[in-house]
Amino acid sequence: MSREVVSLIVFMLGVAGCGSELRRAQVQKHPASAETLPVDFPPPAAEVEELPPDPGEPCVWVDGRWEYLNRRWEWIGGSWVRPKSECLYSPPVMFWASHELGGDLHYRPGRWHTSGGEPCDEPIACRLPD
């Protein structure tokens, strides 16, 4: 093997070792009974966020999202949270309702549920390292 090939392999292994896995909340689809809101228009594009330092386990990252409040979209920044062990996150979704429901644009906000679809309290925010 040439010296250049060996150098490239060593470099690539080093780059691969530099990455870290972001701990994210476990997700699931919204239960059929989940809150659904008709909206007048879709949200803007997601905002770019700089992640604060990782507070460590058992905290997980939940991305920022747009929430439809008082007939307008409001950005809610992402955060490190400590969910209850039995709770999973259902991220926000947008969809067009069927013709029978008026064919309108609908929104389901991000919410926490058990695997059986029961609502969970919002998780506790994690304290960030000093």
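For the sequence shown, counting from 1, position 34 maps to 299 in the working numbering; every step adds exactly one. The beta-carbon is built from N, C-alpha and C at its ideal position, and this holds for glycine as well. From a predicted model like this one, the values you see are computed outputs, not experimental measurements.
Any idea what DSSP makes of E314, helix, strand or coil?
-> The three-state secondary structure of E314, taken from DSSP, is coil.
From T301, P307, D319 and L302, pick the residue whose C-alpha is nearest to that of L287; which is it?
-> When only C-alpha atoms are compared, the closest one is D319.
Which value, in whole angstroms, describes the spacing of the CA atoms of W338 and V358?
-> Each residue's alpha carbon lies about 14 Å from the other.
Starting from P384, follow its DSSP beta bridges and name the residues at the other end.
-> Checking the DSSP bridge columns, you'll see P384 partnered with H378.
C385 to E332 span [Cα, whole Å] = Roughly 18 Å between the two C-alpha positions.
V271 - DSSP class collapsed to helix/strand/coil = The pLDDT assigned to V271 is 48, lower than 50, so where the model puts this residue is not dependable; a value taken from the coordinates is nonetheless given after this. Helix.
Using only alpha-carbon positions, find the residue among E322, R336, E314 and L334 that is nearest to D328.
-> The option with the nearest alpha carbon to D328 is E314.
When you compare only the Cα positions, how much space is there between L334 and T301?
-> Approximately 13 Å between the Cα atoms of the pair.
Check whether the Cβ atoms of S355 and W340 lie closer than 9 Å to each other.
-> For S355 and W340, no; Cβs fall outside 9 Å.
Counterpart residues of V325 in DSSP-defined beta bridges = As computed with DSSP, V325 is found in a beta bridge with V346.
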